[in-house]
Amino acid sequence: MTTLPAKLQAVLARIAGAARRYGRDPADVGLLAVSKTWPAAALRELAAAGQRAFGESYVQEGLAKITELRVLGLDWHFIGSLQANKTRSVAEAFDWVHSIDQLRIAQRLAEQRPATLPPLSVCLQVNVSNEASKGGVSPAAVPALAHAVARLPRLRLRGLMAIPAPSDDFIAQRRPFRVLRELSEQLQADGLLLDTLSMGMSHDLEAAIAEGATLVRIGTAIFGERR
């Protein structure tokens, strides 16, 4: 059986290969290991192999892992849908939130982020494929929300995130990622200091990197099918 560290190295090799293929520096593309539903022991094994950033979608599960693995000094990213009654726990424990699509959620996070911690890094989730079943703000609404979030205290707007509709066609995979990149470029031209495009998963990371991804969210290719 292939070990988790070996799978991690295979994913890192995919990322580096894609970056070089599209004229990018592999060091400019980070890996977020999507660890939701996997036990802390698996994360500990990956941390020993050098992985630092982990993504969780369920607040209570994530909090338990953060507590158990606190001594390792890992980076914790909340990537799931965030309900208003869970914002305090996330604001107090996580380093990043990728799924902001409402100003009121961002406002609650800003109010609840402890002053003793660094500003909470946040991304806006954009519904680039216009799927009713997925969260995210429409591309047209991104500029207004981005400028409003950027003004909030205790938050640092880092960039944009998207989960496009799946496709097996490489050209089709690139289109929604291009939309996200162009939105980011527009916001930067408007004066926002963004450095993150959180896009690309196990099946489409190459297309995302081709369009400028700075952080790919990988679960299946490291852990296998979700438990």
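Be aware that the sequence shown starts at 379, since it is given in the working numbering, and climbs by one per residue. In this text, a Cβ means the ideal position worked out from N, Cα and C, and glycines have one as well.
request  = May I have the straight-line CA-CA distance separating Trp454 from Val557, to the nearest angstrom?
outcome  = What you label residue 454 is simply residue 76 of the sequence shown in a count that begins at 1. What you label residue 557 is simply residue 179 of the sequence shown in a count that begins at 1. Whole-angstrom Cα-Cα distance: 27 Å.
task = Give the single residue among Gly458, Gly433 and Gln438 whose Cα lies nearest to the Cα of Leu452.
result = Walking along the sequence shown from the start, residue 452 turns up at place 74. Among Gly458, Gly433 and Gln438, the Cα nearest to that of Leu452 belongs to Gly433.
key: Backbone secondary structure at Val407 - three-state DSSP   = Start at 1 with the first residue of the sequence shown, and residue 407 comes out as number 29. Of the three classes helix, strand and coil, the one that applies to Val407 here is coil, per DSSP.
task = Verify whether the separation of the beta carbon atoms of Ser477 and Leu460 is less than 9 Å.
result = One-based indexing of the sequence shown puts residue 477 at position 99. One-based indexing of the sequence shown puts residue 460 at position 82. The answer is yes: Cβ separation under 9 Å.
ask   = Given that a residue counts as buried once 16 or more other Cβ atoms are within 10 Å of its Cβ, and exposed if not, what is Ile549?
value = Looking up residue 549 in the sequence shown gives position 171. Result: exposed.
ask   = Quick one: Cα of Met379 to Cα of Leu424, how far?
value = Against the sequence shown, residue 379 aligns to sequence position 1. Against the sequence shown, residue 424 aligns to sequence position 46. No answer about Met379 holds up, because its pLDDT of 48 lies below 50 and its placement is not dependable.
message = Distance check for Ile587 and Leu409, CA to CA, integer angstroms please.
response = Against the sequence shown, residue 409 aligns to sequence position 31. Against the sequence shown, residue 587 aligns to sequence position 209. Rounded to whole angstroms, the separation of the alpha carbons of Ile587 and Leu409 is 11 Å.
request  = Assign Glu603 to one of two classes, buried (16 or more other C-beta atoms within 10 Å of its C-beta) or exposed (fewer than that).
outcome  = For this step, residue 603 is matched to residue 225 along the sequence shown. Exposed, because fewer than 16 other Cβ atoms sit within 10 Å of the Cβ of Glu603.
inquiry  = At the level of alpha carbons, what is the spacing between Asp568 and Leu538?
reply    = Reading the sequence shown from its first residue, position 190 is the one you call residue 568. Reading the sequence shown from its first residue, position 160 is the one you call residue 538. Roughly 15 Å between the two C-alpha positions.
key: From Leu583, Ala528, Ala522 and Lys512, residue whose alpha carbon lies closest to that of Asp547   = As a position in the sequence shown, residue 547 is number 169, starting the count at 1. Closest by alpha carbon: Leu583.
key: CB-CB length for Leu535 against Ala518, believed under 8 Å   = As a position in the sequence shown, residue 535 is number 157, starting the count at 1. As a position in the sequence shown, residue 518 is number 140, starting the count at 1. In fact, because the Cβ distance is near 18 Å, the residues do not count as touching under 8 Å.
query = DSSP three-state call for His581: helix, strand or coil?
reply = The residue labelled residue 581 in the question sits at position 203 within the sequence shown. His581: coil per DSSP, three-state reduction.
Secondary structure of Ser507, DSSP reduced to three states = Locating residue 507 in the sequence shown gives position 129, counting from the first residue. Looking at Ser507 - three-state DSSP - the assignment turns out to be coil, as it is neither helix nor strand.
query = Can you list, in chain order, the residues of its chain whose CB lies under 6 Å from that of Val527, leaving out five sequence neighbours each side?
reply = By 1-based counting over the sequence shown, the position of residue 527 is 149. Excluding sequence neighbours, Val527 sits near Ala484 and Leu535.
task = Could you spell out where the beta strand (DSSP E) holding Ala431 opens and where it closes?
result = Sequence index remark: in the sequence shown, residue 431 carries index 53 (1-based). Segment Ala431 to Glu434, the beta strand (DSSP E) holding Ala431.
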